[in-house]
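Everything on this sheet refers to the single structure shown next.
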Amino acid sequence: MIKDNQYAIEVDGLTKRYGGLLAVNNISFTVRKGEVFAFLGVNGAGKTTTVEIIETIRPLTSGRVSILGMDVTKKKRDIIRRIGVLPQGFNSFDRITVRETIQYFLRLFGRSNSEADGLINLVDLKEKSTEQFKTLSGGLKQRLGIAVALVNDPEVVFLDEPTTGLDPRSRREVWDVLLSLKNKGKTVFLTTHYMEEAELLADRVAIIHKGKIIAIDPPAQLTEDYDNYIILTLKSPKGKASEIIREVGFEPINDKRGDIKVRLEHTEDVQRILNAVKEGGASFHGLDVRTPNLEEVFLKLTGDSIHEETAGERLAK
Amino acid sequence: MNLHVIGANLTVSIKSFYRDKTVVFFRIAFPVILILVFGTIFMDRGNEIFALGIQDLDRTKASAQIAHAIGLSGRFKITKVAPGLDATQFAKDHKLNLVLVIPKGSEESLVRRMKSDDPKAFVSLRAVHDPSSFGVSTKMQVLSMVLAAMNQKMSGKAAFIKLSETSILKKKYRFIEFFVPGIIALAVMTASLFGSVNVNAELRQKGVFRKLSTTPITRTDWILSTVLYQFILAVISTIVMLLVSYAAFNVSLAINAWLLVFVALDVFTFVGLGMILSRVAKEAESAAAASDALMFPMMFLSGTFFPIEMMPDFLQKFAKVLPLYYVNEGLRASMVSVDNMAALKSAAIIGVFAVVVFVLGIMITSFGDEA
Numbered sequence: 159m160i161k162d163n164q165y166a167i168e169v170d171g172l173t174k175r176y177g178g179l180l181a182v183n184n185i186s187f188t189v190r191k192g193e194v195f196a197f198l199g200v201n202g203a204g205k206t207t208t209v210e211i212i213e214t215i216r217p218l219t220s221g222r223v224s225i226l227g228m229d230v231t232k233k234k235r236d237i238i239r240r241i242g243v244l245p246q247g248f249n250s251f252d253r254i255t256v257r258e259t260i261q262y263f264l265r266l267f268g269r270s271n272s273e274a275d276g277l278i279n280l281v282d283l284k285e286k287s288t289e290q291f292k293t294l295s296g297g298l299k300q301r302l303g304i305a306v307a308l309v310n311d312p313e314v315v316f317l318d319e320p321t322t323g324l325d326p327r328s329r330r331e332v333w334d335v336l337l338s339l340k341n342k343g344k345t346v347f348l349t350t351h352y353m354e355e356a357e358l359l360a361d362r363v364a365i366i367h368k369g370k371i372i373a374i375d376p377p378a379q380l381t382e383d384y385d386n387y388i389i390l391t392l393k394s395p396k397g398k399a400s401e402i403i404r405e406v407g408f409e410p411i412n413d414k415r416g417d418i419k420v421r422l423e424h425t426e427d428v429q430r431i432l433n434a435v436k437e438g439g440a441s442f443h444g445l446d447v448r449t450p451n452l453e454e455v456f457l458k459l460t461g462d463s464i465h466e467e468t469a470g471e472r473l474a475k
Numbered sequence: 002m003n004l005h006v007i008g009a010n011l012t013v014s015i016k017s018f019y020r021d022k023t024v025v026f027f028r029i030a031f032p033v034i035l036i037l038v039f040g041t042i043f044m045d046r047g048n049e050i051f052a053l054g055i056q057d058l059d060r061t062k063a064s065a066q067i068a069h070a071i072g073l074s075g076r077f078k079i080t081k082v083a084p085g086l087d088a089t090q091f092a093k094d095h096k097l098n099l100v101l102v103i104p105k106g107s108e109e110s111l112v113r114r115m116k117s118d119d120p121k122a123f124v125s126l127r128a129v130h131d132p133s134s135f136g137v138s139t140k141m142q143v144l145s146m147v148l149a150a151m152n153q154k155m156s157g158k159a160a161f162i163k164l165s166e167t168s169i170l171k172k173k174y175r176f177i178e179f180f181v182p183g184i185i186a187l188a189v190m191t192a193s194l195f196g197s198v199n200v201n202a203e204l205r206q207k208g209v210f211r212k213l214s215t216t217p218i219t220r221t222d223w224i225l226s227t228v229l230y231q232f233i234l235a236v237i238s239t240i241v242m243l244l245v246s247y248a249a250f251n252v253s254l255a256i257n258a259w260l261l262v263f264v265a266l267d268v269f270t271f272v273g274l275g276m277i278l279s280r281v282a283k284e285a286e287s288a289a290a291a292s293d294a295l296m297f298p299m300m301f302l303s304g305t306f307f308p309i310e311m312m313p314d315f316l317q318k319f320a321k322v323l324p325l326y327y328v329n330e331g332l333r334a335s336m337v338s339v340d341n342m343a344a345l346k347s348a349a350i351i352g353v354f355a356v357v358v359f360v361l362g363i364m365i366t367s368f369g370d371e372a
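So the protein lines, in turn, are chains A and B.
Count along the first sequence from 1, add 158, and you get the number used in the numbering used here.
Count along the second sequence from 1, add 1, and you get the number used in the numbering used here.
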């Protein structure tokens, strides 16, 4: 374990079991102070379990985790005064207003009610400060959750899927808040489904898959490391394009927009596929050829497509 | 224990309370409605006037006097049934559960008895009644007592065995005075139990507890603030119930420090039980079902609506293991009979129970996940 105080979070050999299920399998990593660290993984990969162990919410099975040099199993009460947590799907008291919610959490930390104004401004909720929690939209609730996570001026902020379920506009509003935290030099531990979010905000990204960390690097480094192939995208294909591509020896992937993506090792393969599609009587409305982004790196590493959890999946848990 | 934290929780709870009109209704208005409804129904219990049909088939002066004498007792509102009608059908048609039939020859029997003291001469009144009807047995007992008094008076001899009454209470009390302490105990119990079970289960389900587990709040702070909040509401609700009882029924109840003691013990006990239930049954729906299952037997078997002496032996024994029974007993001992020793005994029993469940509640309550 590295004892250098440049690290806000140190995780060494962390393992978590739920009965016979191995949720987190002997993972180790560190997060530097002032760093925005993104934790990527599909549902059930072990990211929320990991972050909740670090936040002191959930006990670990084995290994060692420390925050700001304090062991999470021994110094919970000291740790929670120095960290801020936005749990997944932040909720609060239905009939309490935005300002009152912030003031409530300020009082829990023994801080002055007068600090509420600064936090309300930070998350841009001034116009909603007298609205009750139950009347807020999902995006506003998340922004309030971020303000609540900051009431104790924490050194490390944990944000567990802060933009999941939000519309694109609300997501961008939350990103603005996260960027302001980054600019303030806070250490931010971010778990997310969104590659775009991780690419935009994170200094480093860790990819967790089936309880193991399979890659950890800055986003640019990750894409560069896997820059040894190209992605061909056929937009809005018609006919049997997928079958034709498979027949010429490539594996097409249908994305959620209905486009077909093919990973290719050589540029000359692009022409081969286009010719085969044309000869096979299929068509498409456009094409794109480029190097992989973080989402495609993730796909290559995990073999799983990352996606947002649906309400049904959430209920089924 | 952190007073800042308890104060913050209290503020949030009170604001949430008065902003939710449904909760305000069930907490304050509902017990008052219960008192008004049950108080009105049972206000004159003990001096109840019973409906009675009388059919005089003899149609003589003597039979008329019998009917008149029954009326003079003041216990019956008499409806005359025409001699030509079928008494049974009349009872069914007019929803009368008791019709008294004075037979033909009543006057003749009376004359024989008066003149020759013939023991074979008597009048046999026929009571046509509906045994399935609520209160008919009480009505027939009252009628028998009235007839016994008439027999004794007609014999011309002074009664040999007489009954004089000495109340163990300092004043004569009505049913409403029995009822109000029971409703106070019940209202405090339901609010404390449901309040803690529902709020905790909902906050756990919504993930608010998970967030709280990352703040300096402790489970002792949380439970103490819940108790304090429930106690404040219980005191307000009790004051309102007492004011309505005084205004509507002019109740005569002693108000002393025991009232606060029993309200506090009621709150401690049932908030503690609520904490245990909401930990065992983690989802809001199952927690509500569990509190229903706990509350309903207590509501009906702890002597809230009627004395447990009216119940069979085994149910009386069962009642004595229910905590609400001791709150009822204690409140009645302090407010009705003003018996400090009896109040102390009930307070000691419910006090021990309160400490046990409260400590257990603190021990098993958790904001986070143990898994």
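The beta-carbon is built from N, C-alpha and C at its ideal position, and this holds for glycine as well.
Assuming residue i and residue j form a contact by the criterion Cβ under 8 angstroms, report the distance between their Cβ atoms to the nearest whole angstrom.
i                            : j                        : result
threonine 276 of chain B     : glycine 362 of chain B   : According to the sequence displayed, residue 276 of chain B carries methionine and not threonine. Their Cβ separation, rounded to whole angstroms, is 3 angstroms, which keeps methionine 276 of chain B and glycine 362 of chain B in contact under 8 angstroms.
isoleucine 402 of chain A    : alanine 440 of chain A   : 6 angstroms
aspartate 417 of chain A     : threonine 391 of chain A : 5 angstroms
phenylalanine 197 of chain A : valine 209 of chain A    : 7 angstroms
threonine 305 of chain B     : glycine 136 of chain B   : That belief does not hold up - the Cβ atoms of threonine 305 of chain B and glycine 136 of chain B are roughly 20 angstroms apart, past 8 angstroms.
isoleucine 55 of chain B     : isoleucine 36 of chain B : With 8 angstroms as the limit, isoleucine 55 of chain B and isoleucine 36 of chain B do not qualify as a contact, their Cβ atoms being about 37 angstroms apart.
valine 281 of chain A        : alanine 305 of chain A   : 4 angstroms
Mark residue i as exposed unless 16 or more other C-beta atoms lie within 10 angstroms of its C-beta, in which case mark it buried.
i                            : result
glutamate 371 of chain B     : In this prediction, glutamate 371 of chain B scores a pLDDT of 48, lower than 50, which makes its location untrustworthy; the coordinate-derived value is nonetheless stated afterwards. Classification of glutamate 371 of chain B: exposed, given that the 10 Å Cβ count is below 16.
glutamine 231 of chain B     : buried
proline 313 of chain B       : exposed
leucine 4 of chain B         : exposed
lysine 212 of chain B        : buried
proline 312 of chain A       : buried
proline 376 of chain A       : exposed
methionine 296 of chain B    : buried
phenylalanine 263 of chain B : buried
phenylalanine 26 of chain B  : exposed
glycine 177 of chain A       : exposed
glycine 276 of chain A       : exposed
aspartate 293 of chain B     : exposed
valine 447 of chain A        : exposed
alanine 88 of chain B        : buried
Ends of the alpha helix (DSSP H) at residue i?
i                         : result
arginine 329 of chain A   : 326-341
threonine 293 of chain A  : Unbroken run through threonine 293 of chain A: none, as it is neither H nor E.
tyrosine 19 of chain B    : 4-19
glutamine 90 of chain B   : 88-94
histidine 69 of chain B   : 62-73
tyrosine 352 of chain A   : First-last for tyrosine 352 of chain A: undefined, no H or E at that position.
tyrosine 174 of chain B   : First-last for tyrosine 174 of chain B: undefined, no H or E at that position.
tyrosine 387 of chain A   : Run containing tyrosine 387 of chain A: none; DSSP gives neither H nor E here.
asparagine 152 of chain B : 137-155
Near residue i, what residues of its chain come up, given a Cβ to Cβ distance below 8 angstroms and the 5 sequence neighbours on each side ignored?
i                            : result
isoleucine 372 of chain A    : Ile365, Ile366, Leu459 and Thr460
methionine 353 of chain A    : Leu198, Asn451, Leu452, Glu453, Phe456 and Ile464
leucine 316 of chain B       : Leu302 and Ile309
alanine 92 of chain B        : Gly54, Asn98, Leu99, Val100, Val129, His130 and Asp131
methionine 242 of chain B    : Pro32, Val33, Ile36, Val181, Ile184, Ile185 and Ala188
proline 84 of chain B        : Gln56, Asp57, Leu58 and Arg60
phenylalanine 368 of chain B : Phe210, Arg211, Leu213, Ser214, Ile218, Arg220 and Trp223
Among the residues of its own chain, which have a CB less than 6 angstroms from the CB of residue i, if the five just before and after it don't count?
i                        : result
glutamate 273 of chain A : Leu264
arginine 222 of chain A  : Asp170
Which residue comes first and which comes last in the beta strand (DSSP E) that contains residue i?
i                         : result
glutamine 56 of chain B   : 51-57
aspartate 489 of chain A  : There is simply no residue 489 of chain A to check, as chain A begins at 159 and stops at 475 in what is shown.
serine 110 of chain B     : Element bounds for serine 110 of chain B: not the beta strand (DSSP E) but the alpha helix (DSSP H), 107-117.
isoleucine 167 of chain A : 165-176
leucine 422 of chain A    : 418-422
alanine 196 of chain A    : 194-198
For residue i, which residues of its own chain have a beta-carbon under 7 angstroms away from its beta-carbon, when the five flanking residues on both sides are left out?
i                       : result
serine 74 of chain B    : Val147
serine 347 of chain B   : Tyr327, Glu330, Gly331 and Ala334
serine 134 of chain B   : Asn98
glycine 343 of chain A  : Gly192
methionine 2 of chain B : Thr221, Asp222 and Leu225
valine 24 of chain B    : Phe18
Open item on the list: At 4 residues or longer, what runs of the alpha helix (DSSP H) sit wholly inside the segment 277-311 of chain B?
Closed with: Fully enclosed alpha helix (DSSP H) runs of 4 or longer: 285-302.
TODO: For the segment 315-365 of chain B, list the alpha helix (DSSP H) runs that are entirely contained and at least 4 residues long, ordered along the chain.
DONE: Complete alpha helix (DSSP H) runs here, min 4: 324-336 and 341-365.
Task: Complete runs of the beta strand (DSSP E) confined to the segment 203-277 of chain A [at least 3 residues] - done: The segment 203-277 of chain A contains these whole beta strand (DSSP E) runs: 220-225 and 241-244.
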